[in-house]
Amino acid sequence: MYFLGVDVGGTKTHVLIVDREGKTVAFQEGPGANYQGLGVEKAYNNLMETISKALEKASLSLQDIEVGFFGVAGADFDYEIKIVRTILDRIGLRRYAFDNDGRIALRSGTLDDVGILVSCGTGGINYACDGKRMERMGGFSEFFGERLGSYIIAGLVASSIVRGKDGRSEHTKMIQMFESQIGGKIEDIMHYEYEGDYEKMREYSILLIKTLFCAANQHDFVALKILCRIVNEVVSIVKAFRMKLDFTPPIKLILEGSFFKNADPILLEMILSAVGPEYRIIVPKHPPVVGAILLAAEFSGHSFDQHSIERLINFWGNEP
Numbered sequence: 552m553y554f555l556g557v558d559v560g561g562t563k564t565h566v567l568i569v570d571r572e573g574k575t576v577a578f579q580e581g582p583g584a585n586y587q588g589l590g591v592e593k594a595y596n597n598l599m600e601t602i603s604k605a606l607e608k609a610s611l612s613l614q615d616i617e618v619g620f621f622g623v624a625g626a627d628f629d630y631e632i633k634i635v636r637t638i639l640d641r642i643g644l645r646r647y648a649f650d651n652d653g654r655i656a657l658r659s660g661t662l663d664d665v666g667i668l669v670s671c672g673t674g675g676i677n678y679a680c681d682g683k684r685m686e687r688m689g690g691f692s693e694f695f696g697e698r699l700g701s702y703i704i705a706g707l708v709a710s711s712i713v714r715g716k717d718g719r720s721e722h723t724k725m726i727q728m729f730e731s732q733i734g735g736k737i738e739d740i741m742h743y744e745y746e747g748d749y750e751k752m753r754e755y756s757i758l759l760i761k762t763l764f765c766a767a768n769q770h771d772f773v774a775l776k777i778l779c780r781i782v783n784e785v786v787s788i789v790k791a792f793r794m795k796l797d798f799t800p801p802i803k804l805i806l807e808g809s810f811f812k813n814a815d816p817i818l819l820e821m822i823l824s825a826v827g828p829e830y831r832i833i834v835p836k837h838p839p840v841v842g843a844i845l846l847a848a849e850f851s852g853h854s855f856d857q858h859s860i861e862r863l864i865n866f867w868g869n870e871p
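According to the working numbering, the sequence shown is numbered sequentially starting from 552.
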């Protein structure tokens, strides 16, 4: 029998199928399946299509799956959880469970659920567990208190460039760096944001973040201020969790999400300097969907031994 793990995100969906010995038999990436941005039917179709491709790749059917576990972006409140459940019920698995996608990221990063997760992908969410109690923090929008997320950070860079150009803020090397890469003025791309062209803005957000790190390495004052702002938010999250939970050092600090995984070492060194020697920073090479597999096995009553976990993790080390 096999375990199914699914990471349901807004921009992409990861499906992983693993046997009871931790051997990966199929991995499939598909489009996002968050109903909040797509609607229920489109979300279900995207999710079912990606799962079906993974099953076909593994030469398996849904009946071969012992348990599935889903980490679902946007599964926060009771009314959202009810909608997610109606979508997942339609898939036809014999047994499944689900939680917020931050939950699987915590398990994936720590492997034993003990540590602090700060996630910064398209958005941000934070989880922590001391082995006795689990806490969640944030995971909403900038309007409701979030300060991490690739789009938020890219916005800080863009606003710094615009304000630096017109004199409302300090001059920054990021002006010339970014505008030379797009072959024009930053004002020329504003209409994509106004028109809600999220795919185009995603491309520019990636470029803005690359510009941030490039400028920081050239000791640009404004870029370094933005990095300090990011570090301050990570430290604030860590301190808030430490007030709620009881950890024994060394404490695993998991930095998950596309922003941290593609971050320049300067940022990671700044974070480590700020949190201090009690912490061990981990930026996982494997994706959060691994946590969904570990939770699926746990839900079924199966326990992977250390060798099986290593086999599962090593699969990602061998990926191109």
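For glycine and all other residues, C-beta sits at the position ideal for the given N, C-alpha and C. Every value quoted in this text rests on a predicted model; they were computed, and no experiment measured them.
{"Item": "Span separating the alpha-carbon of glutamate 870 from that of tyrosine 630", "Value": "Note that glutamate 870 scores 43 on pLDDT, short of 50, meaning its location in the model is unreliable and no value can be drawn from it."}
{"Item": "Short Cβ contact (8 Å threshold) for glycine 733 with methionine 725", "Value": "Residue 733 is actually isoleucine in this sequence, not glycine. Not in contact: isoleucine 733 and methionine 725 (Cβ atoms no closer than 8 Å)."}
{"Item": "Buried or exposed by the 16-neighbour rule on C-beta atoms within 10 Å, applied to arginine 493", "Value": "Because the chain spans 552 through 871 in this model, residue 493 falls outside it and cannot be assessed."}
{"Item": "Assumed close pair alanine 624, asparagine 585 - CB separation to whole angstroms, cut-off 8 Å", "Value": "5 Å"}
{"Item": "Check whether leucine 657 and leucine 668 have beta carbons under 8 Å apart", "Value": "yes"}
{"Item": "Per-residue burial, valine 841 [other beta carbons within 10 Å of its own, 16 or more giving buried]", "Value": "buried"}
{"Item": "Residues near tyrosine 702 in its chain [Cβ-Cβ closer than 7 Å; skip 5 each side]", "Value": "Thr673, Ser756"}
{"Item": "Element boundaries [alpha helix (DSSP H), containing serine 859]", "Value": "857-868"}
{"Item": "Same chain only: Cβ atoms within 7 Å of arginine 654, ignoring 5 sequence neighbours per side", "Value": "Gly622, Tyr678"}
{"Item": "Integer-rounded CB distance, given that glycine 715 should sit under 8 Å from valine 773", "Value": "7 Å"}
{"Item": "CB of glycine 660 within 8 Å of CB of isoleucine 833, strictly", "Value": "yes"}
{"Item": "Paired residues, beta bridge with serine 670 - DSSP", "Value": "Ile676, Glu807"}
{"Item": "C-alpha distance - alanine 814 paired with glutamine 614, whole-angstrom precision", "Value": "41 Å"}
{"Item": "Threonine 562 (DSSP reduced to helix, strand or coil)", "Value": "coil"}
{"Item": "Which of helix, strand or coil DSSP assigns to glutamate 617", "Value": "strand"}
{"Item": "7 Å Cβ shell around glutamate 600 - same chain, five flanking residues per side excluded", "Value": "Gly581"}
{"Item": "Secondary structure of phenylalanine 628, DSSP reduced to three states", "Value": "coil"}
{"Item": "Outcome for aspartate 558 when other beta-carbon atoms lying within 10 angstroms are tallied against a minimum of 16", "Value": "buried"}
{"Item": "Whole alpha helix (DSSP H) elements within the stretch 662-739, 4-residue minimum", "Value": "701-717, 725-733"}
{"Item": "Validate contact between the stretch 564-574 and the stretch 601-612 using beta carbons, cut 8 Å, 3 pairs", "Value": "yes"}
{"Item": "Exposure of glycine 868, with buried meaning 16 or more beta-carbon neighbours within 10 Å", "Value": "exposed"}
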